[in-house]
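S.K.:
Numbering (full-length UniProt numbering), first residue to last: 1 to 315.
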């Protein structure tokens, strides 16, 4: 399914700003002096609405999402004190707004926030629903303000930037697949429980099954969270298996498998952009960098070589 365009709503009134997210049932109160300026840019893809909210003044927010909806997000710019339901918020933390008790949030001045709103009633995709249930359970165990390690926070932030950048340039096809990637990327960043020691044979079997998943349906790129759900193993098991067998992380292994599929498909592709996005690489700059690091040449060079060979064969 295709996404809608990316409308940006601008506001010079804090109460007007609160209405840009109607499902959140919010009241905004400006707490710092000065002329208010704010905006919300939305990207809708089926069950998920991503938004980029910016405000230049400290604002006290009170609100709540309807039962069944999930709302959370990642601050990407903060200047000043900030608290969510009494828990300190800062860069590097995932903030959870959904829950039966509603929320109170003191957002700082010069604030930018990437938010995610999920309504599973808008999808029939069973895997997406399963991932969202796992997400809700993880939020319930971790609290409102979840500290992420620096590497995980950076990857999630870059993923959200890439999604918005892609959405500004093209329509998003296959919304459920796209949404699974978003939820999976968030789950991949969150804390995970420990796991018992597992034999090398089990680890080999896990790695082999990961490869079969990707090879069997390469046009459906999976996050680590999706793989754990489909294989019925914990994220820790996946991490240990990839580390012990491949000396790599699950993310690195999945990326290598997808890059290999792209290299196979690029021979018949009309353009690098087409084949990259087809295999779930939304940020073309990162894709080109990773492709060149893996294969020693840029994807455009690979495509050009195939086209030259095809031309010579028909000469």
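All C-beta atoms in this analysis are idealised placements derived from N, C-alpha and C, irrespective of residue type, glycine included.
May I ask which residues mark the beginning and end of the beta strand (DSSP E) holding residue 76?
M.R.: Taken as a continuous stretch (DSSP letters only), the beta strand (DSSP E) holding residue 76 covers 69-79.
S.K.: Give me the Cα-Cα distance between residue 242 and residue 44, rounded to the nearest whole angstrom.
M.R.: In a straight line, the C-alpha of residue 242 is about 34 angstroms away from that of residue 44.
S.K.: Comparing C-alpha positions only, which one of 10, 52, 54 and 250 sits nearest to residue 188?
M.R.: Residue 188 has its Cα closest to that of 250, out of 10, 52, 54 and 250.
S.K.: Just to check my reading of the structure: residue 139 and residue 50 have Cβ atoms closer than 8 angstroms, yes? What is that Cβ distance to the nearest angstrom?
M.R.: No, residue 139 and residue 50 are not in contact; Cβ-Cβ is about 17 angstroms, not under 8 angstroms.
S.K.: Considering only the beta carbon of each residue, do residue 64 and residue 25 sit closer than 8 angstroms?
M.R.: Contact: yes.
S.K.: How far does the beta strand (DSSP E) with residue 10 in it extend, from its first residue to its last?
M.R.: Where residue 10 is concerned, the enclosing beta strand (DSSP E) stretches over 8-11.
S.K.: Short of 6 angstroms in beta carbon distance, which residues of its chain neighbour residue 214, apart from the five on each side in sequence? Order them along the chain.
M.R.: So the list reads 257, once near-sequence residues are dropped.
S.K.: Over what stretch of residues does the beta strand (DSSP E) that includes residue 61 continue unbroken?
M.R.: Its beta strand (DSSP E) spans residues 59-63.
S.K.: Could you give the DSSP three-state label for residue 35: helix, strand or coil?
M.R.: Residue 35 falls in the coil class under three-state DSSP.
S.K.: Here's a check: name, in chain order, each residue in its chain whose Cβ is nearer than 7 angstroms to the Cβ of residue 253, leaving out the five neighbours to either side.
M.R.: Hits under 7 angstroms: 210, 242 and 246.
S.K.: Report back the beta-carbon spacing between residue 96 and residue 72 to the nearest angstrom; my notes put them in contact at under 8 angstroms.
M.R.: About 5 angstroms separates the two Cβ atoms, so the contact holds.
S.K.: If you count every other CB in all the chains shown that lies within 10 Å of the CB of residue 167, and 16 or more means buried, which is it?
M.R.: Label assigned to residue 167: buried.
S.K.: Taking buried to mean at least 16 other C-beta atoms within 10 Å of its own C-beta, is residue 282 buried or exposed?
M.R.: So residue 282 counts as buried.
S.K.: Are residue 57 and residue 98 touching if we call contact CB-CB under 8 angstroms?
M.R.: For residue 57 and residue 98, no; Cβs fall outside 8 angstroms.
S.K.: Comparing alpha-carbon positions, which option in 69, 94 and 86 lies nearest residue 76?
M.R.: With distances taken between Cα atoms, residue 76 lies closest to 94.
S.K.: Measure the alpha-carbon distance for residue 42 versus residue 6 and round it to whole angstroms.
M.R.: Looking at the two C-alpha atoms, the distance is approximately 6 angstroms.
S.K.: Pull up the distance between the alpha-carbon of residue 291 and that of residue 277, whole angstroms please.
M.R.: Their Cα atoms are separated by approximately 14 angstroms.
S.K.: Is the separation between the beta-carbon of residue 108 and that of residue 79 shorter than 8 angstroms?
M.R.: Taking 8 angstroms as the Cβ cut-off, residue 108 and residue 79 qualify as a contacting pair.
S.K.: Express the C-alpha separation of residue 15 and residue 118 in angstroms, rounding to a whole number.
M.R.: Each residue's alpha carbon lies about 24 angstroms from the other.
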